[in-house]
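Here the sequence shown is numbered in this note's numbering, starting from 4 and rising by one per residue. Positions of the beta carbon are idealized from the N, C-alpha and C atoms, including for glycine. Please read the structure below before turning to the comments.
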Amino acid sequence: MVKAVTERSTPSLASLGWTDFFGGQLEPGEANLVPTRIATVHRDRLTGLSQAGPIDLTLPAQANTGDYAVGDWVLVDAHDSLVQRRLTRKTVLERRTQGGRVPQLAAANVDTLFIVTSCNADFNPARLERYLALANEAGTTPVILLTKADTVADAETYERQAAALQRGLAVVTLNPRTSDAATALAAWCGAGQTVALVGSSGVGKSTLVNTLAGSAQHLPQQTGDIREHDAKGRHTTTSRSLHAIAGGGWVIDTPGMRTLQVSDVAYGIDTLFAEITELAPLCKFRDCTHVHEPGCAVQAALKAGTLDPERLARWRKLSDENQNNTPVQSGPRGAKSPSGRGKRR
4 MVKAVTERST PSLASLGWTD FFGGQLEPGE ANLVPTRIAT VHRDRLTGLS
54 QAGPIDLTLP AQANTGDYAV GDWVLVDAHD SLVQRRLTRK TVLERRTQGG
104 RVPQLAAANV DTLFIVTSCN ADFNPARLER YLALANEAGT TPVILLTKAD
154 TVADAETYER QAAALQRGLA VVTLNPRTSD AATALAAWCG AGQTVALVGS
204 SGVGKSTLVN TLAGSAQHLP QQTGDIREHD AKGRHTTTSR SLHAIAGGGW
254 VIDTPGMRTL QVSDVAYGID TLFAEITELA PLCKFRDCTH VHEPGCAVQA
304 ALKAGTLDPE RLARWRKLSD ENQNNTPVQS GPRGAKSPSG RGKRR
């Protein structure tokens, strides 16, 4: 029995998140295979959820659990639970760790990414921008959730700072422990929709998972306190898992991240810093570095006071880091392959 997944009586594929995008990938001869969604990924095993309920999956030879992400759709042989193949992902959240040679999969086929932070020392615009770039590149809709508003005198200051990070960004202030939190997030948690939670340890992600899943959840996520002197939390989630949301939808919890390197997220950065991206074509020189060149539209906006110098500094830092960390993929005649929104693998 998969403890991380709340059972539902005879769920439909649509209620599990299945759409025409995945149905269109089925090939002749695969009618007897069972579409199954990955529910948990452990070091040496996978579990899934199909219309028949939870299932322990068997991996094919030469495959390993690192090839799969929570939220993936796979086709499974009903007789031996052997995974036959993984369907192409609609979206994929991944991050590169310090010293890591390949990106680490966080979640797949996520519609909305809830970026959770708290109204205390954990609130860090530069780190939030990294999460936003990740969400933009993956093709998911980012939403910032502010917790612990009751611990500060003016939560609106945090709300304004968060909303200013990206155009059209939704910001929700909530208490993860109350049922009102589920109501506030209902617009993104409808039947068949999948949300994922990211953020530092101790900001209330696991508590929010428990609130969204409701009392029907078999095994609630463990929660922990934060350290008073620096507002940093202790890791209580050690693996990724799929949880049913009471009333519809699915939520994926992820371990807390204190460091998040950017790599191969050029589109995500361009979307995040749209006010800079839109100025660049107006510069006199095509290869303008926006530092000292004459006719630079970015520097002109800076001098006019219409561009925040701190935003420009953070854009420059993220762009440089992304360029340094992104492997060059050469195509015909050495042309670099373009990066696009919503990488599908």
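Put Pro297 into one of helix, strand or coil per three-state DSSP.
-> By 1-based counting over the sequence shown, the position of residue 297 is 294. The three-state secondary structure of Pro297, taken from DSSP, is coil.
Ordered list of beta strand (DSSP E) runs contained in the region 251–283, each at least 3 residues = Counting whole runs of 3 or more residues, the region 251–283 contains the beta strand (DSSP E) stretches 253–256.
Within 10 angstroms of its Cβ, does Phe117 collect 16 or more other Cβ (buried), or is it exposed?
-> Counted from its first residue, the sequence shown places residue 117 at position 114. So Phe117 ends up on the buried side.
Please specify which runs of the beta strand (DSSP E), each continuous and at least 3 residues long, are wholly inside the region 80–167, giving them in chain order.
-> Within the region 80–167, the complete beta strand (DSSP E) runs of at least 3 residues are 86–89, 95–98, 107–111, 115–121 and 144–150.
Beta-carbon contacts of Leu36 that lie in its chain and below 7 Å, excluding the five residues immediately before and after = Start at 1 with the first residue of the sequence shown, and residue 36 comes out as number 33. Apart from the 5 residues on each side of it in sequence, Leu36 sits with its Cβ closer than 7 Å to the Cβ of Leu78, Val79, Asp80 and Gln87 in its chain, given in chain order.
Check whether the Cβ atoms of Val265 and Ala136 sit closer than 8 Å, and answer yes or no.
-> The count along the sequence shown starts at 1 and reaches residue 265 at position 262. The count along the sequence shown starts at 1 and reaches residue 136 at position 133. For Val265 and Ala136, yes; Cβs fall inside 8 Å.
Please name the residue, chosen from Ala66, Glu33, Leu149 and Pro179, that lies closest to Arg48 on a Cα-to-Cα basis.
-> Here residue 48 refers to the residue found at position 45 of the sequence shown. Ranking the options by Cα distance to Arg48, first place goes to Ala66.
Please check the pair Thr351 and Asp273, which I expect to be a contact at CB under 8 Å, by giving their CB distance rounded to whole angstroms.
-> No answer is possible for residue 351: the residues shown for the chain start at 4 and end at 348.
Go to Val212, then tell me how far its alpha helix (DSSP H) extends in each direction, as first and last residue.
-> For the purposes of this step, residue 212 is identified with residue 209 of the sequence shown, where counting begins at 1. Its alpha helix (DSSP H) spans residues Lys208 to Ala216.
Would you mind giving the Cβ-Cβ distance between Trp253 and Thr210, rounded to the nearest angstrom? I have them listed as a contact below 8 Å.
-> The residue given as residue 253 occupies position 250 in the sequence shown. The residue given as residue 210 occupies position 207 in the sequence shown. Their Cβ separation, rounded to whole angstroms, is 18 Å, which puts Trp253 and Thr210 out of contact at 8 Å.
Residues sharing a beta bridge with Val175, DSSP = Here residue 175 refers to the residue found at position 172 when the sequence shown is read from its first residue. DSSP lists Leu148 as partners of Val175.
Assign Thr226 to buried or exposed, taking buried as 16 or more other Cβ atoms, counted over all protein chains shown, within 10 Å of its Cβ.
-> The residue labelled residue 226 in the question sits at position 223 within the sequence shown. Bear in mind that the predicted position of Thr226 carries a pLDDT of just 43, short of 50, making it too unreliable to give a figure here.
Locate the beta strand (DSSP E) running through Asp59, then write down its first and last residues.
-> One-based indexing of the sequence shown puts residue 59 at position 56. Residue range Gly56 to Leu60 is occupied by the beta strand (DSSP E) that includes Asp59.
How big is the Cα-Cα spacing for Leu90 and Asp70?
-> Working through the sequence shown from its first residue, we reach residue 90 at position 87. Working through the sequence shown from its first residue, we reach residue 70 at position 67. Taking C-alpha positions only, Leu90 is separated from Asp70 by approximately 12 Å.
State yes or no: is the C-beta of Thr154 within less than 8 Å of the C-beta of Asn127?
-> Position 151 of the sequence shown, counting from 1, holds the residue named residue 154. Position 124 of the sequence shown, counting from 1, holds the residue named residue 127. Going by C-beta atoms, Thr154 is not nearer than 8 Å to Asn127.
Contacts around Ile248, its chain only, beta-carbon distance under 7 Å, and the 5 residues preceding and following it disregarded | Here residue 248 refers to the residue found at position 245 when the sequence shown is read from its first residue. Cys192, Leu215, Ala216 and Val254.
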